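Top to bottom, those sequences are chains A and B.
Read in order, the letters of the first sequence are residues 5 to 449 in our numbering.
Read in order, the letters of the second sequence are residues 8 to 292 in our numbering.
C-beta: ideal position from N, C-alpha, C; glycine also.
On a predicted model such as this, the values are computed, not experimentally measured, just so you know.
The next block holds one structure in the form of structure tokens; read it before the comments.
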Amino acid sequence: MKHVDAAVIGGGILGCFTARNLRQWSISTLLIEKEDDVCREISKANSAIVYAGYDNKPGSLKAEMTVRGNANMEKLCAELEVPFDRCGSMMVSFGEKGEQTLRKKLEQGRANGVPGLELLTGEEARAREPMLSENVTAALYSSTTGTVNPWQLGIAAYENALQNGCEAWLGTAVTAITREEEGYRIDTDREPIRCKYIINCAGMYADWVQAMVHPVPVELILNGSDYIVLDSRARKPRHILFQERENGKGLTVVPCVEGNLLLDSPARPLGQPWAVSAGGLEKIHALAPQLLPELELEMTIRSFGAVRPNPRSADGKNLPDYCIETPAPDFLSFIGIKTPGLTCADELGRYAAETCAEYLHAEKAPAFDPRRRAIPAMKEDPDWYEIVCRCGNVTKGQIREAIARGALTVDAVKRRVGSGMGRCQGSRCTLKIEKLLEEYRHGAL
Amino acid sequence: MEHYDILIIGGGVAGIAAAKAAGGARVLLAESRPQLGGVLLQCAHHGFGKDKSGTEYAAELLQDFPEEITLALNTTVLSVSENRTALLSGRGFGRKRIGFSRLILATGCREIPMGALPIAGTRPKGVYTAGQMQELMNLHGFVPEGPAVILGSGDLGLIMARQLAQAGIDVTLVEKKDSCGGMTRNRRCLEEYPIRLLCSDTIREVRGYPHITGCVTASGECLPCKTLLIAAGMVPERELVSHLGNPDWLHICGNCCAVHPMVEAVANEGKQAGIAATEKLGGAL
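Printed below as a string of structure tokens:
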């Protein structure tokens, strides 16, 4: 039997930040994740956007946390040594109806205290973003919108949580939760756990986890979305672009910190989870030239499918704000946290940790160190001169360091050092990385 | 900073031929792999020179390789600058910038991966590029699970179809055009082995997770498979010099210039580049 104060179920970006925030208190913490690595599934397939906060209703927790999360992002990324690009965004429209939406968003943003918002004419927008189509009639410019790599940020928070004494059980599925006289017993496919407090960060399974021990008054609906990634050599806009269409949101275009361009199609019904829909790819190909006529779609290097959980009330209505459930004073659930999830991961994590600390009467942990060191680009060592991934110029030293920090698979290495993400999509480095993983396992035995 | 008359990037057929032709000049040849030979090293099939295998052809090509050439193996060129310097990084070489008078780019080509194609569905294990599978089978003794589907019936697709069929694996080739591509001698595998060829069709969707279980073609047929090879073409690898325009000191040869079906053409282009680069050095020698 394992004893801890708090158990965090789910190691997505939210679970990682919850764990990191819990360790700012004298709360012993165990992170439980069913996959063999953190930040998979929803945390690895999303738009990588740090939102400004004009999309959310004034007075909502979403609005408040997004504005604050956005403002804190530089500090957070500096602490965790993760690249963040405050590149700004434009929400563009193609006519009067769309412009009404932009004006509404502008007002909403001002009410939320979002700085740096400006309504631009089509011409003004093109002056700042020359790739934009001639048909764009107006744009809502937001100077504070930015982009960060979602899994890099999540993994950094995870590593920092571990540094600060958090324990993690990866590859461990929760099979049952039972109420005890004090706290809970969590059965897993490993040892059972006894804890005083549970924070449920299980993403698309959060309803199911809560239902193991408490009733769930909401329903989690899953939607899908499709993405295309363009090679870093492709022409790209300077800003994040949102296409406002008469019949709803169109394409989202993100110039990522890695130099690639990410194109996201409008949401669709789920279909097969994590699979790319042919319709979604076609939609991107149809919408992209309307927004950016010179976009080089022929430089596509990857497409992937994403899953987005949407919590709904029992009567089938979409919930306007985050769905944070506290069915008991010692149980907190984030149910289907989606946009803005990345922007608010630290805010939500802090919220959960403070709620938990209050319940446990925990003290602040004075030894907490917020600094996490990134895997360096270079060291004076033969391993760090040897290039393994030729598209991304990733060295053997970087890969060995990623493995030493807990990467167990080629995919886990990829998400720590960017190997296999370039134009050959790992066709030349996968085998070499598999060998390094094998060498490590062999040495570790 | 070290300075060379000629920097050759790539130690495959074109780079080797260029180095051999650059007699008398001070040459540095950088190759990212541990030995010279490039893609030849993974070619067990015959058809190089007078029906030699790739490895045999490479051995022959390397027989009279000039000793005075400085070799930087396991060394990757990270960037080339307009001021005729290049940043190299390699296990034994270290990471340093060198100067050169002329540059011969012999970086070959790379395969188009599945990600670049408009294919819907899952992103499972069991999908490889054809060349990646060739390397796995011929250099690492790997045998994939059948049945296999190969997208693209060009030379590499056909060579791999033959090799898989020889290993007793059930193979279906899917070809976008209305007839099989590739050279006649590579097409012969279709008569010699029970390989199925679907023309005027392509793969629209991949199924199965975490491992591939099948592909759906554009015509709607479901092809069960445990291995999918993408043989949808090659792209010349020129990103290192794409920002340079067309300076007088740059020679581009072999498959990074244009993808050649015959190795002799690559060797000849390499040789010409070596001769031209040496001649242009002129009085510098």
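As assigned by DSSP and simplified to three states, the class of residue i
i, result
"Gly35 (chain A)", "Correcting the residue identity first, residue 35 (chain A) is Leu in this sequence and not Gly. Here Leu35 (chain A) sits in strand by DSSP."
"Cys229 (chain B)", "strand"
"Asn262 (chain B)", "helix"
"Gln139 (chain B)", "helix"
"Ile105 (chain B)", "strand"
"Thr182 (chain A)", "strand"
"Phe372 (chain A)", "coil"
"Lys48 (chain A)", "coil"
"Lys253 (chain A)", "strand"
"Val46 (chain B)", "helix"
"Trp173 (chain A)", "strand"
"Pro254 (chain B)", "coil"
"Thr343 (chain A)", "coil"
"Gly61 (chain B)", "helix"
"Val261 (chain A)", "coil"
"Met241 (chain B)", "strand"
"Gly128 (chain B)", "strand"
"Ala271 (chain A)", "coil"
"Asn60 (chain A)", "coil"
Host alpha helix (DSSP H) of residue i (start-end)
i, result
"Lys200 (chain A)", "Unbroken run through Lys200 (chain A) is the beta strand (DSSP E), Ile197 to Asn204; no alpha helix (DSSP H)."
"Gln279 (chain B)", "Val270 to Leu288"
"Trp212 (chain A)", "Ala210 to Ala215"
"Gln247 (chain A)", "No alpha helix (DSSP H) contains Gln247 (chain A), which is instead part of the beta strand (DSSP E) from Ile244 to Arg249."
"Thr359 (chain A)", "Ala349 to Leu364"
"Tyr145 (chain A)", "Premise fails: Tyr145 (chain A) lies in the beta strand (DSSP E), Ala142 to Ser146, not in any alpha helix (DSSP H)."
"Arg192 (chain B)", "Thr191 to Arg194"
"Val20 (chain B)", "Val20 to Ala28"
Proximity to residue i [Cα-Cα], best of the options
i, options, result
"Asp235 (chain A)", "A:Leu336, A:Met303, A:Leu274 and A:Gly92", "A:Met303"
"Ala10 (chain A)", "A:Trp155, A:Glu171, A:Lys61 and A:Val118", "A:Glu171"
"Gly410 (chain A)", "A:Leu224, A:Ser97, A:Leu166 and A:Ala180", "A:Leu166"
"Cys428 (chain A)", "B:Val248, B:Thr136, B:Cys222 and B:Lys233", "B:Thr136"
"Leu251 (chain B)", "B:Ser86, B:Ala32 and B:Leu143", "B:Ser86"
"Arg109 (chain B)", "B:Gly128, B:Arg102, B:Pro120 and B:Ala93", "B:Ala93"
"Asn193 (chain B)", "B:Asp208, B:Lys287, B:His52 and B:Leu205", "B:His52"
"Asp1 (chain A)", "A:Asn50, A:Leu364 and A:Ala82", "Only positions 5 to 449 of chain A appear in this structure, which leaves residue 1 (chain A) out of reach."
"Val8 (chain A)", "A:Thr70, A:Pro196, A:Val140 and A:Lys400", "A:Pro196"
"Phe88 (chain A)", "A:Asn60, A:Gly284 and A:Leu157", "A:Leu157"
"Leu336 (chain A)", "A:Val118, A:His218 and A:Pro259", "A:His218"
"Met216 (chain A)", "A:Lys200, A:Glu443, A:Asn227 and A:Arg189", "A:Arg189"
Opening and closing residue of the beta strand (DSSP E) in which residue i lies
i, result
"Val414 (chain A)", "No beta strand (DSSP E) contains Val414 (chain A), which is instead part of the alpha helix (DSSP H) from Val414 to Val421."
"Val12 (chain B)", "A quick correction: the sequence has Asp, not Val, at residue 12 (chain B). Where Asp12 (chain B) is concerned, the enclosing beta strand (DSSP E) stretches over His10 to Ile16."
"Thr114 (chain B)", "Note, Thr114 (chain B): premise wrong, no beta strand (DSSP E); not H, not E."
"Lys79 (chain A)", "Counting along the chain, Lys79 (chain A) falls outside any beta strand (DSSP E), though it belongs to the alpha helix (DSSP H) covering Leu65 to Leu84."
"Arg189 (chain A)", "Tyr188 to Thr192"
"Gly97 (chain B)", "Thr92 to Gly97"
"Ile328 (chain A)", "Ile328 to Ala332"
"Thr105 (chain A)", "No beta strand (DSSP E) holds Thr105 (chain A); the alpha helix (DSSP H) holding it covers Glu100 to Asn116."
"Met94 (chain A)", "Ser93 to Ser97"
Residue(s) in a DSSP beta bridge with residue i
i, result
"Thr434 (chain A)", "Its beta-bridge partners do not exist; DSSP assigns none."
"Ile210 (chain B)", "B:Thr224"
"Lys287 (chain A)", "Bridge partners of Lys287 (chain A): none, in fact."
"Asn322 (chain A)", "A:Arg316"
"His7 (chain A)", "A:Arg198"
"Trp29 (chain A)", "A:Lys368"
"Ser307 (chain A)", "A:Ile232"
"Ile53 (chain A)", "A:Thr151"
"Thr179 (chain B)", "B:Val156 and B:Arg203"
"Arg377 (chain A)", "Arg377 (chain A) pairs with nothing; no bridge assigned."
Listed by chain order, chain E residues near residue i by CB distance under 9 angstroms
i, result
"Thr304 (chain A)", "No chain E appears in the structure shown, which is made up of the protein chains A and B."
Proximity of residue i and residue j at Cβ, strictly below 8 angstroms
i, j, result
"Arg4 (chain A)", "Val233 (chain A)", "Summary: the structure shown does not reach residue 4 (chain A), with chain A confined to residues 5 through 449, and so no result is reported for it."
"Ser93 (chain A)", "Ile341 (chain A)", "no"
"Asn81 (chain B)", "Gly61 (chain B)", "no"
"Ser47 (chain A)", "Trp212 (chain A)", "no"
"Glu185 (chain A)", "Arg376 (chain A)", "no"
"Leu267 (chain A)", "Ala292 (chain A)", "yes"
"Leu36 (chain B)", "Leu68 (chain B)", "no"
"Ala282 (chain A)", "Glu212 (chain B)", "yes"
"Cys116 (chain B)", "Met269 (chain B)", "no"
"Ile36 (chain A)", "Thr176 (chain A)", "yes"
"Cys232 (chain B)", "Val156 (chain B)", "yes"
"Cys360 (chain A)", "Thr70 (chain A)", "no"
"Lys383 (chain A)", "Leu440 (chain A)", "no"
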